[in-house]
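Some notes on the structure that comes next.
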Amino acid sequence: MESDAQASSAAARPLVEFCDLGVTYPGGITAIRHFNLAVAAGEFVVILGPSGCGKSTVLQVVAGLLEPTSGRVVVAGQINPPPGKDRGFVFQHAGLLPWFDIFTNIEIGLRAKGMSRKAARTVSQRYVSAMGLDGFGHLYPHQLSGGMQQRVGVARAFAIDPPILLMDEPFAALDAQTRLLLQEELIRLWEGTSKTIIFVTHSIEEAVFLADRVVVMARAPGSVKSSIDITLPRPRTEETRSHPQYLQLFNTLWGMIRRDAQRAISEPDLREAT
Amino acid sequence: MERLLRTSATFALLLLAWEVAARLFFPVYILPPPSLVARTLLSLTFDGTLWQNLQVSLMRVFAGYFTAVVLAIPLGIAAGWWKPIDHTVGSTLELLRPLPALALIPLAIVWLGFGELSKIALIAYASFFSIYLNMRAGVQNVDPTHVKVMLVYGNGTRDVLTKVVMYSILPYVFTGLRYSAAVALILLVAVELVGSQSGLGFFLVQAQSFLQMPNMFAAILVFGVLGFCANLLLAGLEKRVIRWRPESRP
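Sequences listed follow chains X and D, in order.
If you count by our numbering, then the first sequence holds residues 1 to 274, one letter each, in order.
If you count by our numbering, then the second sequence holds residues 1001 to 1250, one letter each, in order.
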């Protein structure tokens, strides 16, 4: 999508930059504080952290759904931008509208962009096929399994062809096997593009498998603890999971978040609804 | 099938017991046998008496119910969506809600007279609240994720209203409509019993003063059928309109 010259200048100025971001909810709970992170164009960044560390909050701010209480996020030069077509969002429970069929759900972003009904249908048909949902386009979401629903959620985000994709624990609600399959589908889909992805998860395996870089968050309030480059070769396939480095990276990351995770299950839960 | 068989057998047995009891132990002016009630109902149907009264009653109940629907739906949506409206109009309505509509009958007659207006107004008043409250609850219970989905994909308030709110409140709409239909029917009977020269309720009072028990039973039966049909109609409509979820009643 970007030429080499632009890419090198993008290296100087990241596509998404969090500058000392802080979010305190009206109830007084501080979800994140002093959150600093720079995401380069085309990078697949996974934000990893135990539940309640504010990682979903970070994503909501980038999406423009939430105003930061301090600091800022800069997206392609725009400070604290409102929601826009340059960012697609994949929700945890797919977030499909139950009264619309699959096609119409995928077309929500396209129609908002002002695309005609007919043109939008052509695009949604292409993504229905790409996600292996042929023949399901006219069904309602409740007629699909959780895995298929989330495929629709991913298709809806890709359909508007945004340079940035924000994914909020998109596979967390799925069963373990479906989860592995959808990770592989996502990485296949993404590796053919130059999209920037910010992906939030609490699954270490998922982080290692998908990311170029894993950002580990500390909790209460959430901030960046450390960041690890995942040097596993691409394209990532099912073989990646048996790569010798894979287990090593897993253990390193687990070592980093173990204590926080332990604390998360032994303290009262004060976090924001995610 | 098994259920249908048992149910109809039970009904048949009950009818038979009623018939026998009425013939053996009670005079007609206390308990007429079902066969006589049925014959009376038939003759009332054929000589036009029933239709004549039913027509008047249906007009009243429809006019009142329809007025309630037309007022309650937009007001309920507005109160659910905009806090300022809820805090002013909504609170005022909350203040009125505990007043039993039946207690307002004498007042309505004094203010609006014995004519159609007082009857329609009372039916509208009583039916208003459950539609209004359900609409308001429906809007307030819209899934915030659905709103986020719309916003994040670049939709404005108008699209949030037409593509999310309008759909998510539909189950609430029908709950309100069904409950209100039952209330409207109760009010119809009440206003016709108290101050009326026509209608099915008036027919009922007349039957009572002349001790025409078969007529009385026939009228009660027709009221029952009205309620049953209203519910059936609305349930059928709900099923046709809300097709996206196997069960979606709040």
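Where is the CB? At the ideal position from N, CA and C, for every residue including glycine.
Because the structure is a prediction, the values reported are computed rather than measured.
Report the residue from the options whose alpha carbon sits nearest the alpha carbon of residue i.
{"i": "D/Ala1078", "options": "D/Gln1140, D/Val1164, D/Gln1208, D/Thr1067", "result": "D/Gln1140"}
{"i": "D/Gly1292", "options": "D/Ser1168, D/Leu1075, D/Arg1060", "result": "Outside the shown range of chain D, which is 1001 to 1250, sits residue 1292 of chain D, and nothing can be said about it."}
{"i": "X/Arg191", "options": "X/Ala40, X/Phe44, X/Val123, X/Thr30", "result": "In the sequence under discussion, the amino acid at residue 191 of chain X is Glu, which differs from the Arg named in the question. The candidate whose alpha carbon is nearest that of X/Glu191 is X/Phe44."}
{"i": "D/Lys1148", "options": "X/Glu169, X/Ser227, X/Leu97", "result": "X/Leu97"}
{"i": "D/Ser1127", "options": "D/Thr1010, D/Asp1086, D/Ile1186", "result": "D/Ile1186"}
{"i": "D/Leu1050", "options": "D/Gly1080, D/Ala1108, D/Ile1220", "result": "D/Ile1220"}
{"i": "D/Met1135", "options": "D/Val1241, D/Gln1052, D/Gly1080", "result": "D/Gly1080"}
{"i": "X/Gln143", "options": "X/Gln125, X/Ile102, X/Leu174", "result": "X/Ile102"}
{"i": "D/Lys1239", "options": "D/Leu1102, D/Gly1138, D/Val1173", "result": "D/Val1173"}
{"i": "X/Trp280", "options": "X/Phe209, X/Leu181, X/Ile204, X/Thr57", "result": "Only positions 1 to 274 of chain X appear in the structure, and residue 280 of chain X is not among them; the question remains open."}
{"i": "X/Asn80", "options": "X/His93, X/Phe91, X/Leu65, X/Gln92", "result": "X/Leu65"}
{"i": "D/Asn1231", "options": "D/Ser1180, D/Met1216, D/Leu1095, D/Ala1009", "result": "D/Ser1180"}
{"i": "D/Gly1090", "options": "D/Gly1076, D/Gly1048, D/Arg1158, D/Ala1235", "result": "D/Gly1076"}
{"i": "D/Asn1215", "options": "D/Leu1204, D/Gly1224, D/Phe1223, D/His1146", "result": "D/Leu1204"}
{"i": "D/Gly1154", "options": "X/Ile108, X/Gly137, X/Val154, X/Ser266", "result": "X/Ile108"}
{"i": "X/Gln92", "options": "D/Thr1145, D/Pro1084, D/Gln1208", "result": "D/Thr1145"}
{"i": "X/Leu174", "options": "X/Thr252, X/Glu184, X/Met148", "result": "X/Met148"}
{"i": "X/Asp20", "options": "X/Ile29, X/His138, X/Phe35, X/Ala176", "result": "X/Phe35"}
{"i": "D/Gln1208", "options": "D/Phe1046, D/Trp1111, D/Leu1031, D/Leu1095", "result": "D/Leu1031"}
{"i": "D/Leu1226", "options": "D/Thr1007, D/Met1213, D/Val1189", "result": "D/Val1189"}
{"i": "X/Thr237", "options": "X/Gly54, X/Val154, X/Glu206", "result": "X/Glu206"}
Tell me residue i's beta-bridge partners as DSSP assigns them.
{"i": "D/Thr1067", "result": "In DSSP, D/Thr1067 forms no bridge with anything."}
{"i": "X/Arg121", "result": "Answer is none; X/Arg121 lacks a bridge partner."}
{"i": "X/Val152", "result": "X/Val152 pairs with nothing; no bridge assigned."}
{"i": "X/Gln78", "result": "X/Val75"}
{"i": "X/Asp168", "result": "X/Val200"}
{"i": "D/Ala1230", "result": "According to DSSP, D/Ala1230 bridges with nothing at all."}
{"i": "X/Met217", "result": "X/Val224"}
{"i": "X/Thr30", "result": "X/Thr24"}
{"i": "X/Asp260", "result": "DSSP lists no partner for X/Asp260."}
{"i": "X/Phe44", "result": "X/Ile197"}
{"i": "X/Arg87", "result": "X/Ile164"}
{"i": "X/Leu37", "result": "X/Phe18"}
{"i": "X/Asp101", "result": "X/Asp101 is not bridged to any residue."}
{"i": "X/Ser281", "result": "Past the edges of chain X, shown from 1 to 274, lies residue 281 of chain X, and the structure says nothing about it."}
{"i": "X/Asp229", "result": "X/Arg213"}
Quick one, are the C-beta atoms of residue i and residue j less than 7 Å apart?
{"i": "D/Tyr1132", "j": "D/Ala1072", "result": "yes"}
{"i": "X/Met131", "j": "X/Arg156", "result": "no"}
{"i": "D/Ile1105", "j": "D/Gly1064", "result": "no"}
{"i": "X/Phe89", "j": "X/Ala63", "result": "yes"}
{"i": "X/Gly222", "j": "X/Ile47", "result": "no"}
{"i": "D/Leu1193", "j": "D/Tyr1029", "result": "no"}
{"i": "D/Ser1130", "j": "D/Gly1195", "result": "no"}
{"i": "D/Gly1199", "j": "D/Ser1043", "result": "no"}
{"i": "X/Ala38", "j": "X/Pro14", "result": "yes"}
{"i": "X/Tyr140", "j": "D/Trp1244", "result": "yes"}
{"i": "D/Val1165", "j": "D/Val1142", "result": "yes"}
{"i": "X/Val61", "j": "X/Val74", "result": "no"}
{"i": "X/Val200", "j": "X/Asp168", "result": "yes"}
{"i": "X/Lys113", "j": "X/Lys85", "result": "yes"}
{"i": "D/Ser1118", "j": "D/Ala1108", "result": "yes"}
{"i": "D/Pro1034", "j": "D/Arg1023", "result": "no"}
{"i": "X/Ile197", "j": "X/Leu165", "result": "yes"}
{"i": "D/Ala1218", "j": "D/Val1037", "result": "yes"}
{"i": "X/Ala159", "j": "X/Ile106", "result": "yes"}
{"i": "X/Val224", "j": "X/Phe250", "result": "no"}
{"i": "D/Leu947", "j": "X/Pro26", "result": "Given that chain D is displayed from residue 1001 to residue 1250, the structure contains no residue 947 of chain D and the question cannot be resolved."}
{"i": "X/Val123", "j": "X/Leu133", "result": "no"}
{"i": "D/Ile1242", "j": "D/Leu1161", "result": "no"}
{"i": "D/Leu1234", "j": "D/Arg1178", "result": "yes"}
{"i": "X/Leu182", "j": "X/Phe171", "result": "yes"}
{"i": "X/Leu232", "j": "X/Gln248", "result": "no"}
Using 8 Å for Cβ pairs, my map puts residue i next to residue j. What's the rounded Cβ distance?
{"i": "X/Gly49", "j": "X/Met217", "result": "3 Å"}
{"i": "X/Asp260", "j": "X/Arg219", "result": "5 Å"}
{"i": "X/Arg52", "j": "X/Gly22", "result": "Sequence inspection shows Gly at residue 52 of chain X; the Arg mentioned does not correspond to that position. The pair is not a contact, with the Cβ atoms about 17 Å apart (cut-off 8 Å)."}
{"i": "D/Gly1138", "j": "D/Ser1168", "result": "7 Å"}
{"i": "X/Thr178", "j": "X/Gly146", "result": "7 Å"}
{"i": "X/Gly42", "j": "X/Ser194", "result": "5 Å"}
{"i": "D/Thr1067", "j": "D/Ile1120", "result": "7 Å"}
{"i": "D/Leu1054", "j": "D/Val1222", "result": "7 Å"}
Under 7 Å, Cβ to Cβ, is there at least one residue of chain A near residue i?
{"i": "X/Leu144", "result": "This model lacks chain A altogether; the protein chains it does include are X and D."}
Please tell me whether, using a cut-off of 6 Å, the distance from the CB of residue i to the nearest non-hydrogen atom of the ligand SAM is below it.
{"i": "X/Phe136", "result": "Absence of the ligand SAM from the depicted structure is noted, as is the absence of any ligand whatsoever, leaving it without description."}
Note to self: For a minimum of 4 consecutive residues, which ranges assigned as the alpha helix (DSSP H) are wholly contained in the stretch 1095–1131 of chain D?
What the structure shows: Qualifying alpha helix (DSSP H) stretches, in chain order: 1105–1112.
Checklist line | Continuous beta strand (DSSP E) assignments of at least 3 residues falling wholly in the stretch 1024–1072 of chain D | finding: Entirely contained in the stretch 1024–1072 of chain D, not one beta strand (DSSP E) run reaches 3 residues.
Notebook entry, point to check: Can you give, in chain order, each stretch of the alpha helix (DSSP H) that sits fully within the stretch 1170–1215 of chain D and has at least 4 residues?
Noted result: When DSSP assignments are scanned along the stretch 1170–1215 of chain D, the uninterrupted stretches of alpha helix (DSSP H) that are 4 or more residues long and fall wholly within it turn out to be 1170–1194, 1200–1209.
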